[in-house]
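Presented below is the structure to which this report refers.
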Amino acid sequence: KQEVTQIPAALSVPEGENLVLNCSFTDSAIYNLQWFRQDPGKGLTSLLLIQSSQREQTSGRLNASLDKSSGRSTLYIAASQPGDSATYLCAVPEGGSQGNLIFGKGTKLSVKP
Amino acid sequence: DAGVIQSPRHEVTEMGQEVTLRCKPISGHNSLFWYRQTMMRGLELLIYFNNNVPIDDSGMPEDRFSAKMPNASFSTLKIQPSEPRDSAVYFCASSPWGTVSTDTQYFGPGTRLTVL
């Protein structure tokens, strides 16, 4: 059964710092991996989707990488800002392309001004 | 588009009462998902519909939970009778086709349920 783990559970950094969030999954036979952002009291917003054939995806200051063989993904945030403060979750489909998304519990990021 | 709409945003009820959560997906989306989020278990899929038909309800915890989608623009999640352990944030999400390989899911703001 696929399991998704995110470490650390919480992270606090000063504004302007570059940072990396980690996601690991137990079954490397994934179709893709998604990173989501969740603001307090709000739903999830999709940030990046990396297909299994890709190594990375970029959107603005965000860069997500995927290493299927090692069961890992990282989300790199450059020049962090207080507005980046949120919980970041990664998710993979269970059992192939039609599978339900299995989510990690997230990393709560706080960027201090 | 207004996005996925959920109501109520907050619900406080007493154990044993019936609770009904409502969701309006994004117009034109073919798939609808119900999730539950708790600190202990994180975000878990309860059930999902494609073209108003339930496809996978294996995440529904027990018979006290039921979900319906009578038409493409409305779905309900009902808990009867409710128990304190049902306290959580319940999210509804929709996607254009429901193919997780290419589609992303658009989440509503959630309903925070507290069962006393």
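Residue numbers (this note's numbering), protein chains in the order written: chain A, 1 to 113; chain B, 114 to 229. Quick reminder that beta carbons are idealized off the backbone N, C-alpha and C, glycines included.
Among the options, which residue has its Cα nearest to the Cα of residue i?
i, options, result
"S65 of chain A", "A:L75, A:S59 and A:G71", "A:L75"
"Y203 of chain B", "B:W210, B:Q193, B:G223 and B:P197", "B:G223"
"G95 of chain A", "A:A29, A:K68 and A:D67", "A:A29"
"S208 of chain B", "B:V132, B:Q119 and B:N164", "B:N164"
"Y191 of chain B", "B:S120, B:V132, B:R122 and B:V125", "Checking the sequence shown, residue 191 of chain B turns out to be Lys, not Tyr. Taking only the C-alpha atoms, the option nearest K191 of chain B is B:V132."
"I7 of chain A", "A:V111, A:V20 and A:A86", "A:V20"
Return the CA-CA distance between residue i and residue j, expressed in angstroms with no decimal places.
i, j, result
"M182 of chain B", "L229 of chain B", "28 Å"
"S186 of chain B", "Y148 of chain B", "18 Å"
"I139 of chain B", "G172 of chain B", "23 Å"
"S46 of chain A", "D170 of chain B", "24 Å"
Do residue j and residue i come within 8 Å of each other at the CB atom, strictly closer than that value?
i, j, result
"G221 of chain B", "G43 of chain A", "yes"
"S80 of chain A", "E3 of chain A", "no"
"P194 of chain B", "G129 of chain B", "yes"
"L89 of chain A", "F25 of chain A", "no"
"L101 of chain A", "I77 of chain A", "no"
"T217 of chain B", "L33 of chain A", "no"
"A180 of chain B", "P167 of chain B", "yes"
"A201 of chain B", "Q150 of chain B", "yes"
"L134 of chain B", "F103 of chain A", "no"
Kindly indicate which three-state DSSP category residue i falls into: helix, strand or coil?
i, result
"D84 of chain A", "helix"
"D39 of chain A", "coil"
"D67 of chain A", "strand"
"P197 of chain B", "helix"
"W147 of chain B", "strand"
"D216 of chain B", "coil"
Residues within the segment 191-205 of chain B neighbouring chain A, beta-carbon criterion of under 7 Å
F204
Proximal residues, the segment 27-41 of chain A versus chain B, C-beta separation under 9 Å
Y31, N32, Q34, F36, Q38 and G41
At a CB distance below 7 Å, what residues from the segment 173-191 of chain B approach chain A? Give them in sequence order.
Of all residues in the segment 173-191 of chain B, none comes within less than 7 Å of chain A when Cβ atoms are compared.
Near-chain A residues of the segment 131-153 of chain B - C-beta to any C-beta below 7 Å
From the segment 131-153 of chain B, no residue has a Cβ closer than 7 Å to chain A.
Near-chain B residues of the segment 1-30 of chain A (beta-carbon distance less than 8 Å), N- to C-terminal order
none
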